[in-house]
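*Asks:*
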Amino acid sequence: MGLSSITQHFNARLAASVLLIALSQFNYGFDNQAFTSTQAMDAFERQFGEYDPATKAYAIPTYFLSLLNSLNYIGFAVGLVVGSLTSARFGRRTTMFVMSVYALVSATVVVTSTRKEQILVGRILNYVYVGFELSVVPVYQSEIVPAPVRGMVVGTYQLAIGLGGLVINSICRGTSQFQDSGAYRIPFGLFYVIPTIVICLIWFIPESPRWLLLRDRTEEAKTAHHALRAGTMPDAAIALEFAKIQQSLADEPEQGRTRELFQGVNRKRTAIAVGMSFFQQATGQAFASQYGAVWVKSLGTLNPFDVTLGSSALTSGMIILCLFLTDRAGRRKILLLGSFIQAAALFTMAGLGVHTPIPTSYKSGMVGMLLLFGSGFGLGWGPLTYVVVTEIPALRLRDRSQRASSLVNIFMNFLVNFTLPYLLNKPYAGLQSKVGFIFGSIAVCSALFVFLCVPECKGRSLEEIDRMFHEGVPVRRFAEHPKFEVEVAAAKGVEEDDGVEQQTVTAKSGSVV
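Numbers in the working numbering are just positions in the sequence shown, counted from 1, shifted up by 1341.
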């Protein structure tokens, strides 16, 4: 997909909306990588660690490292549930405003921390904000953009995390030489920046037209939809697209109860969304994103801050590549390639770690495989999980499906982050890089899951995907299934008013879902 074929789908309002929504996600990258890097700082270890007479140095105890990188997911889960309920009841914009105001409070707790207990509580509270983001950002993005660029736009969720991590790792690289608390307080201070920008600008972008229709605010929905499409297609095509969304809602049976996620055709859709969230975390991305700096420091070969900075840059580059490929090559092929790269890197890293003692050249190779693993994640499962999870559910169940799949994501995040310090370090399992055998095997399973269970939805509208599920199209036949007549007409740009009327009549007769 060339640049011109991408930009033709955006007017100024839609471009500004997409950029602001994606910008809010930078704070997730700030938190994620700020704690990854600061945990390896001497100043952080002196403030929150314990002195070891044997090594004559301060270090973060294994138990606290585990708690600091896992209990935050309690806050994540709370934020996800509360954010999802808030988003469904009060709207996407209101939710983003509320979570940004809250973020200023949680950031203050983190920045002013002087004890282990406070920094732990501060990170838990900050992850409530991150949970809010996951509940609303991908959903909001998927609901306002045209089908041809939905994969690229929703994928910016992971890109913003990656770029946020790149920014914060660059700052941490510079402050890592400081011997006072400024080494970690300066990076933590960036937590204030993004929420402040969102608070100031969020009311200048349109609300989700699909959410407004769900609340029976038809005229507001029509105005918002027109604002997001004006200038990119004829007015008649805009009206047709809006009528199609309305008809999709009208043709759906009244639903919205959680139990309906596991009934009828929605059971399959829920299983796909949950499976995507499970494998995104179960393949061990936390090893690179949360414990990478600490692990590299323990090897004693390379500067951990150089490695985390390089990892962030490489992963961000792969995410950008994914965004340009996903609406052209499709979701399935890229996910399969990502799984292959992750599995190959993990098994190679584990194999290099079998030798005792480990030669310096092998240690460098292990770090290289860590970077390759992060690249595979950035190319596939990192951004595309959010794309698939938001385009699979029925419209009336989208908030509930997002909540359910994200809770699985959070649980796996917690499980992996809590157990990793014990898997890596002595006197516990002491596997170090050999954890690659565990996560590499799961990466192979993730490829099988994609091949057997994940449908190809590139270029399909949310309403068209909904129709294919209801008609029982096999998931491995989505890509070759012909476009529905109304989709073809909309793609060509209906310019005759009577053409819109004809299509609307057809929709009312039941040919559009």
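Even glycine gets a Cβ: it sits at the ideal position worked out from N, Cα and C.
1. Taking the runs of the alpha helix (DSSP H) that are 4 residues or longer, which of them lie wholly in the segment 1733-1794?
2. Tell me, to the nearest whole angstrom, how far the beta carbon of PRO1734 is from that of ARG1610; I am working on the premise that it is less than 8 Å.
3. Which residues mark the beginning and the end of the alpha helix (DSSP H) in which TYR1533 is found?
4. Look at the alpha carbon of ILE1538 and the alpha carbon of ILE1699, and state the distance between them as a whole number of angstroms.
5. Can you give me the start and stop residues for the alpha helix (DSSP H) that GLU1474 sits inside?
6. For GLU1391, write down the residues that DSSP places opposite it in a beta bridge.
7. Going by beta carbon distance, what residues of the same chain come within less than 7 Å of ALA1418, once the five residues before and after it are set aside?
8. In its own chain, which residues sit with a C-beta less than 8 Å from the C-beta of ALA1395, not counting the 5 before and 5 after it?
9. Per DSSP, which residues does MET1493 bridge with? Please list them.
10. Could you tell me how far apart the beta carbons of GLN1626 and ASN1758 are, in whole angstroms, since I believe they sit closer than 8 Å?
11. If distances are taken between C-alpha atoms only, which option among ALA1614, LEU1736, LEU1765 and TYR1525 comes closest to ARG1387?
12. Could you pull out every residue in the same chain whose Cβ sits closer than 7 Å to the Cβ of TYR1533, ignoring the five residues on either side in sequence?
13. Got a sec? Which residues, its chain only, sit under 8 Å from ALA1357 by beta carbon, not counting five neighbours each side?
14. In chain order, what residues of the same chain lie with their CB nearer than 6 Å to the CB of LYS1833, ignoring the 5 residues before and after it?
15. How many angstroms separate the CA atom of GLN1380 from the CA atom of ILE1465?
16. If you follow the alpha helix (DSSP H) that CYS1663 is part of, which residue opens it and which one closes it?
17. Just checking my contact of VAL1606 with SER1746 at CB under 8 Å: how many whole Å lie between their CB atoms?
18. Alpha carbon to alpha carbon, how far is THR1403 from LEU1917? Give it in angstroms, no decimals.
19. I'd like to know if ALA1384 contacts chain B, where contact means its C-beta is closer than 7 Å to some C-beta of that chain.
20. Helix, strand or coil for VAL1853 per DSSP?
21. With which residues is ILE1574 paired in a DSSP beta bridge?
22. Could you check the C-alpha separation between GLU1458 and PHE1438 for me, to the nearest Å?
23. Just mark PHE1792 as buried or exposed, buried being the case when its beta carbon has 16 or more other beta carbons within 10 Å.
24. Counting only the same chain and skipping the five closest in sequence on each side, list residues whose C-beta sits under 6 Å from that of ASN1497.
25. Which value, in whole angstroms, describes the spacing of the CA atoms of HIS1696 and TRP1636?
26. Leaving out the 5 sequence neighbours to the left and right, which residues in its chain are closer than 7 Å to SER1522 when beta-carbon positions are compared?
27. Thinking C-beta only, is SER1476 closer than 7 Å to SER1511?
28. Suppose you measure from the CA of GLY1319 to the CA of PRO1528; what does that come to, to the nearest Å?
29. What does a CB cutoff of less than 7 Å around GLN1622 pick up in its chain, not counting 5 residues either side in sequence?
30. Drop a sphere of 10 angstroms on the beta-carbon of LYS1767, count the other beta-carbons inside from all chains shown, and report buried for 16 or more, exposed for fewer.
31. Which residues in the same chain as VAL1846 place their Cβ atom closer than 6 Å to its Cβ, once the five residues preceding and following it in sequence are excluded?
32. Of all the options LEU1554, VAL1495 and CYS1513, which has the alpha carbon lying nearest to the alpha carbon of ARG1672?
33. Is ASN1410 helix, strand or coil when you go by DSSP?
34. Report the three-state DSSP secondary structure of VAL1827 (helix, strand or coil).
35. Exposed or buried, what is SER1346 when buried is set at 16 or more other beta-carbons lying within 10 Å of its beta-carbon?
36. Just the Cα atoms here: how many angstroms apart are ILE1540 and LEU1360?
*Replies:* Straight from the coordinates:
1. 1739-1765 and 1776-1794
2. 6 Å
3. Segment: none, TYR1533 is in no alpha helix (DSSP H) and carries neither H nor E.
4. 48 Å
5. 1457-1485
6. ALA1400
7. GLY1472, LEU1748 and ILE1751
8. none
9. DSSP lists no partner for MET1493.
10. Not really, about 10 Å apart at Cβ, beyond 8 Å.
11. TYR1525
12. LEU1445 and ALA1448
13. PHE1545 and ILE1546
14. Confidence at LYS1833 is low in this model, with a pLDDT of 44, below 50, so the placement of that residue should be treated as unreliable; the coordinate-derived value is given next. Excluding residues within five positions, none has a Cβ falling inside 6 Å.
15. 16 Å
16. 1645-1670
17. With 8 Å as the limit, VAL1606 and SER1746 do not qualify as a contact, their Cβ atoms being about 16 Å apart.
18. Nothing can be reported for residue 1917: it is not among the residues displayed for the chain, which extend from 1342 to 1854.
19. No chain B is part of this structure, which consists of one protein chain only.
20. Because VAL1853 sits at a pLDDT of 35, beneath the cut-off of 50, its placement in the model cannot be relied upon, and the point is left open.
21. Checking the sequence shown, residue 1574 turns out to be Met, not Ile. Beta-bridge pairing links MET1574 to ALA1571.
22. 29 Å
23. exposed
24. In the sequence as displayed, the identity of residue 1497 is Thr instead of Asn. Counting only Cβ-Cβ distances below 6 Å, and skipping sequence neighbours, we find ALA1363.
25. 17 Å
26. ALA1384 and GLN1388
27. no
28. Look at the range of the chain in this structure, 1342 to 1854, and you will see that residue 1319 is not part of it.
29. ASN1750, MET1753, ASN1754 and VAL1757
30. exposed
31. The pLDDT assigned to VAL1846 is 36, lower than 50, so where the model puts this residue is not dependable, and the model offers no usable value.
32. VAL1495
33. coil
34. Low confidence applies here, because VAL1827 scores a pLDDT of 47, under 50, leaving its location unreliable; read the following figure in that light. The answer is helix: DSSP assigns VAL1827 an H, G or I state.
35. exposed
36. 14 Å
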